[in-house]
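Chemist:
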Amino acid sequence: MTQTKTYIHDYCTIENNKIVLNGTTVFKTEPTSFGDFSKQAYRNSDIQYPKFFKMDALSKLAFLGAELLLSPITSPGTENNIALVLANKSSSLDTDVKYQESISNQENYFPSPAVFVYTLPNICLGEISIRHQLKSENSFFIFDAFNPDFMSNYANILLQSNKADLVLCGWVEYFNETYKAFLCTIGTQENTKYTNETINTLYNK
598 MTQTKTYIHD YCTIENNKIV LNGTTVFKTE PTSFGDFSKQ AYRNSDIQYP KFFKMDALSK
658 LAFLGAELLL SPITSPGTEN NIALVLANKS SSLDTDVKYQ ESISNQENYF PSPAVFVYTL
718 PNICLGEISI RHQLKSENSF FIFDAFNPDF MSNYANILLQ SNKADLVLCG WVEYFNETYK
778 AFLCTIGTQE NTKYTNETIN TLYNK
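For the sequence shown, the working numbering assigns the number 598 to the initial residue and increments by one for each residue that follows.
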């Protein structure tokens with residue numbers, strides 16, 4: 598099988614109360630909690646998706662990054678053959694800890710289904726897929742650290758085998774108010790913007 602060259606199209610990073618799109622800061626706040634920052638970022642982006650406020654922090658983080666990269670290239674009501682390949686270190690541990698706390702104190706026992714439903718990291722994949730009508734493959738992996746070679750190779754396999762027209766991949770880590778999202782889109786359409794870049798060099802910028 599002849600290998601088709603793949604290209605990085607766009608990328609974004611979200612950390613330390615700042616959102617960077619293709620190397621340019623597009624939103625920034627004074628130091629604040631992630632909850633406050635995410636709400637401000639949502640409103641600044643003029644997103645109309647009320648379910649956002651019911652999401653856990655990990656899903657909000659992934660959703661905001663995906664919104665930046667996918668909204669310009671997807672249309673409401675139209676199916677898109679875009680695959681999702683995400684990873685992090687903590688899985689959904691932040692939410693799992695909150696749920697455990699809600700059932701550990703017998704005197705203040707308040708288990709919440711709204712918290713429990715977000716104890717799986719693939720929930721954020723589902724939220725992105727619903728929002729952008731994605732029907733291709735999606736996977737969420739757990740690594741000790743960002744694994745750019747694996748992510749790049751996996752994205753290339755999906756594109757080479759025609760299982761996706763575009764792949765949104767990257768790292769979405771959130772635990773105890775420490776967070777970083779790095780997402781990029783990879784496709785076969787030629788793009789000279791990042792000819793000499795790899796997802797690793799972009800991640801570390």
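Idealized CB from N, CA, C, for every residue including glycine.
Grouping DSSP H, G and I as helix and E and B as strand, with all else coil, what is residue 598?
Modeler: Because residue 598 sits at a pLDDT of 49, beneath the cut-off of 50, its placement in the model cannot be relied upon, and the point is left open.
Chemist: Compute the Euclidean distance between the alpha carbons of residue 641 and residue 737, then round it to the nearest angstrom.
Modeler: C-alpha separation (whole angstroms): 28 Å.
Chemist: Alpha carbon to alpha carbon, how far is residue 778 from residue 739?
Modeler: Residue 778 and residue 739: Cα-Cα distance of roughly 14 Å.
Chemist: In angstroms, rounded to a whole number, what distance separates the CA positions of residue 671 and residue 781?
Modeler: Roughly 15 Å between the two C-alpha positions.
Chemist: State the beta-bridge partners of residue 684 as determined by DSSP.
Modeler: Residue 684 is bridged to 738, 768.
Chemist: Could you tell me whether the segment 660 to 678 touches the segment 784 to 797, where touching means 3 or more Cβ pairs closer than 8 Å?
Modeler: Output reads no: the segment 784 to 797 does not touch the segment 660 to 678.
Chemist: Rank 680, 727, 756 by C-alpha distance to the C-alpha of residue 646 and give the top, closest one.
Modeler: For the residues 680, 727, 756, the minimum Cα distance to residue 646 belongs to 727.
Chemist: Measure the alpha-carbon distance for residue 656 versus residue 602 and round it to whole angstroms.
Modeler: Cα-Cα distance, rounded: 31 Å.
Chemist: Specify, as a first and last residue, the run of the beta strand (DSSP E) that residue 624 falls within.
Modeler: Residues 621 to 625.
Chemist: Quick one: grab the DSSP three-state call for residue 750.
Modeler: Residue 750: helix per DSSP, three-state reduction.
Chemist: According to DSSP, is residue 775 part of a helix, a strand, or is it coil?
Modeler: If DSSP states are grouped into helix, strand and coil, residue 775 belongs with the strands.
Chemist: Let's see if you can read the secondary structure: which residues bound the beta strand (DSSP E) around residue 615?
Modeler: Looking at the DSSP string, the run of the beta strand (DSSP E) that includes residue 615 is 615 to 618.
Chemist: Would you mind reading off the limits of the beta strand (DSSP E) that contains residue 798?
Modeler: Per DSSP, residue 798 belongs to no beta strand (DSSP E); it is in the alpha helix (DSSP H), 796 to 800.
Chemist: May I ask which residues mark the beginning and end of the beta strand (DSSP E) holding residue 605?
Modeler: Segment 604 to 612, the beta strand (DSSP E) holding residue 605.
Chemist: Please go through the same chain and pick out, in chain order, the residues whose beta-carbon is closer than 7 Å to the beta-carbon of residue 644, but skip the five residues on each side of it.
Modeler: So the list reads 664, once near-sequence residues are dropped.
Chemist: Taking the beta carbon of residue 759 as the centre, do at least 16 other beta carbons fall within 10 Å, making it buried, or is it exposed?
Modeler: It is exposed - the Cβ of residue 759 has fewer than 16 other Cβ atoms within 10 Å.
Chemist: Do residue 679 and residue 731 have their C-beta atoms within less than 8 Å of each other?
Modeler: The answer is yes: Cβ separation under 8 Å.
Chemist: If you draw a straight line from the alpha carbon of residue 761 to that of residue 654, how long is it in whole angstroms?
Modeler: The straight-line gap from Cα to Cα measures roughly 28 Å.
Chemist: Does DSSP classify residue 644 as helix, strand or coil?
Modeler: Note: residue 644 maps to coil in three-state DSSP.
Chemist: Nearest to residue 667 by alpha carbon, out of 773, 772, 764, 787?
Modeler: For residue 667, the nearest C-alpha among the options comes from 764.
Chemist: Among 734, 620, 623, 619, which has the Cα closest to the Cα of residue 682?
Modeler: Closest by alpha carbon: 734.
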